[in-house]
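Written below as structure tokens is the structure these notes are about.
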Amino acid sequence: MIDLILIIKLIFLGVVEGLTEFLPISSTGHLIVCADMVKFNGEAASLFEIVIQLGAILAVVWLYREKIIKLIRNSIRELKSVIRYSDAESCSSIFSLFYPFTSSSKNYPALSFVINLFIAFVPASAVGFFFHGIIKNYLFNSITVSFALILGGYIILYIENKNIKVKIREALDIDKKSALIVGLSQILALIPGVSRSGSTIMGGVCSGLSRKASAEFSFFLAIPIMFAATFYDLYKSSAILNTDTVIIIAVGFVAAFISAVIVIKWFIKYISTNNFKLFGWYRILFGALLLGFYYFKG
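Counted the way my numbering counts, the sequence shown spans residues 13 to 310.
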């Protein structure tokens, strides 16, 4: 039986997830720390922390539903046009979508964007698949999170002080080189406290994307990576799924969805006229406070 105190904890953690998933401050890191503080631990808690991320991701799907539907429709239309004219020239054109520095992205913009998402998706997915257990067993702790928060904060400040020239202003215009840089940056996010959104957004900024374009590409990239991570964890943890576990996940899921919708709208508006230095300083301060807390605690 689920009591009121547990429901309050679940809503609190769901809100924490929604508020932090798309900001460059590490949702996983905040969840580890907050779950530790409210003493929400165990196998069910670990599954909860992964699956409620899907609630936050569905906020992206909801807010960008028109763009996503248009992207799917245009991708299908472009693919049909290639199949319809299945001569050597058309085949060569579609295969060249996988090569850098080609004009095919202009001929097939929707397909090119989908392929760029795939390019950015693969690196972290491959590393995460092979090292998932090791990372979870040895790095999912508050000390790792604290140091990762501080180091990530300094990196954000360093990148912002570089004043990197913007070459790409819209997420849909991202090229393959930038997509690969974002994908490689996302590998760092496997370390709790680094932040998936932080690593991908700053990777995009370093490769010449505008802050808005980098953030939106990070949002789109989160859809396949989080769906994959969620269903993989559900499959691995199927033995502990029962009515109580499903209710626990559902409460956090809804809280994460609602809070993420609010944060995404604010975040896009904020970065249209501001840089990421605020988040860098927040990470450093929060990480330092955590180190001090756990030092005096034990």
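Just so you know, even glycine gets a beta-carbon here, dropped at the ideal spot from N, CA and C. Here the structure is a predicted model, which means the values were calculated and not measured.
As a quick exercise: from the options, pick the residue whose alpha carbon is nearest that of residue i.
i: I167; options: M214, V178 and V275; result: M214
i: G30; options: V72, D48, K51 and L18; result: V72
i: I80; options: E172, L184 and S158; result: L184
i: L301; options: L200, L290, S154 and F125; result: S154
i: W278; options: E228, F239 and F305; result: E228
i: S219; options: D245, I176, Y244 and R295; result: I176
i: L246; options: I62, V50 and F52; result: I62
i: D187; options: V126, Q65 and N86; result: V126
i: T40; options: Y76, I23, A262 and I64; result: I64
i: I276; options: A267, A68, A132 and R181; result: A68
i: N287; options: D256, L303 and R223; result: R223
Within 10 angstroms of its Cβ, does residue i collect 16 or more other Cβ (buried), or is it exposed?
i: P36; result: buried
i: A34; result: The amino acid at residue 34 is misidentified as Ala; the sequence shows Phe. Answer is buried; the Cβ neighbour count reaches 16.
i: I95; result: exposed
i: F142; result: exposed
i: Y120; result: buried
i: F269; result: buried
i: I171; result: buried
i: G292; result: buried
i: V258; result: exposed
i: G54; result: exposed
i: R295; result: buried
i: I274; result: exposed
i: N128; result: buried
i: E78; result: exposed
i: S250; result: exposed
i: R181; result: exposed
i: I4; result: Residue 4 is absent from the model: the chain starts at 13 and stops at 310.
Alpha helix (DSSP H) containing residue i: first to last residue?
i: T345; result: Here the chain has residues from 13 to 310 only, and residue 345 is not among them.
i: E60; result: Looking at the sequence itself, residue 60 is Phe, so the reference to Glu does not match. Per DSSP, F60 belongs to the alpha helix (DSSP H) from E55 to L75.
i: F243; result: R223 to K248
i: V28; result: L16 to T32
i: G41; result: S39 to M49
Task: Ordered list of alpha helix (DSSP H) runs contained in the segment 133-211, each at least 4 residues - done: Segments of the alpha helix (DSSP H) lying fully in the segment 133-211: 154-174 and 188-199.
Open item on the list: For the segment 275-291 against the segment 133-141, do three or more pairs of beta-carbon atoms, one drawn from each stretch, fall closer than 8 Å, so that the two count as touching?
Closed with: Segments in contact, no.
Open item on the list: If contact is defined by three or more beta carbon pairs under 8 Å, each pair taking one atom from either stretch, is the segment 14-21 in contact with the segment 191-206?
Closed with: Here the segment 191-206 does not lie against the segment 14-21, with fewer than 3 beta-carbon pairs under 8 Å apart.
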